[in-house]
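S.K.: Counting from 1, position 71 in the sequence shown corresponds to residue 75 in this note's numbering; the numbering is continuous, with no gaps. Take this structure, written in structure tokens, and hold onto it; I'll ask about it next.
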Amino acid sequence: MKIKFLACAALLALAGCQTPVPQSVADSQRPPSNAIKREYVDALRGTIKSGNFVKAEISSVVLLNPEKQIYAYCTRTTERSNPNWSYIGLGLQHNMILYLKKNDSRCHDKRLRYYDFPELISMKF
């Protein structure tokens, strides 16, 4: 199981090196659910200082791989110490995180819609 997970992670990391996502992936966008937002905030709770973010946004969720039911979304934040956007890309399969990639190039795709993410800004430690 561990080897299979590592193999999947390696393949997904390589896929992250590709340039823009196909139009079919961009067309699959849907707004992030409250559950996705809550899970992301819960995952960061205790690892990031509360009140650290000045701006936070979360992208639409896209279907990266229909056959394997792999979904992905991105977050972008600015911090008090760094006014530039920082990006994190996440891949999900069966509601489990497959990968988390800082500065994922796919998060910069101009077709990806972003939404305010006040839940992350108001996160309690």
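Ideal Cβ placement from N, Cα and C applies to all residues, glycine included. Just so it is clear, the structure is predicted and the values come from calculations on it, not from any experiment.
How is the beta strand (DSSP E) around S90 delimited, first residue to last?
M.R.: N86 to Q97 is the extent of the beta strand (DSSP E) around S90.
S.K.: Please say whether I52 and Y119 have beta carbons closer to each other than 7 angstroms?
M.R.: For Y119 and I52, no; Cβs fall outside 7 angstroms.
S.K.: Tell me the residue span of the alpha helix (DSSP H) that contains L48.
M.R.: N38 to L48 is the span of the alpha helix (DSSP H), which, as asked, contains L48.
S.K.: Could you compute how far the alpha carbon of L96 sits from the alpha carbon of I125?
M.R.: Roughly 23 angstroms between the two C-alpha positions.
S.K.: Near R84, which residues of its chain fall below 7 angstroms by C-beta distance, leaving aside the five closest residues on each side in sequence?
M.R.: Taken in chain order, the residues that qualify are N56 and V58.
S.K.: By Cβ distance, which residues of its chain are closer than 6 angstroms to P41, with the 5 residues on each side in sequence left out?
M.R.: Checking the displayed sequence, the identity of residue 41 turns out to be Lys instead of Pro. Cβ neighbours of K41 beyond the five flanking positions: E123.
S.K.: Under a Cβ-count criterion, where at least 16 other Cβ atoms within 10 Å of its own Cβ denotes burial, should D31 be classed as buried or exposed?
M.R.: Exposed.
S.K.: With burial defined as no fewer than 16 other Cβ atoms inside 10 Å of the residue's Cβ, what is the status of D108: buried or exposed?
M.R.: Flag for D108 reads buried.
S.K.: Determine the DSSP secondary structure at S28, reduced to helix, strand or coil.
M.R.: Reduced to three states, the DSSP call for S28 is helix.
S.K.: Going by Cα to Cα distance, which pick from R117, V45 and P26 is closest to P35?
M.R.: The shortest C-alpha separation from P35 is found at R117.
S.K.: Look at the Cβ atom of I92, then the Cβ atom of T79, and state whether they are nearer than 7 angstroms.
M.R.: Contact flag set, yes.
S.K.: Under DSSP, the beta strand (DSSP E) around I62 begins and ends at which residues?
M.R.: Segment F57 to S63, the beta strand (DSSP E) holding I62.
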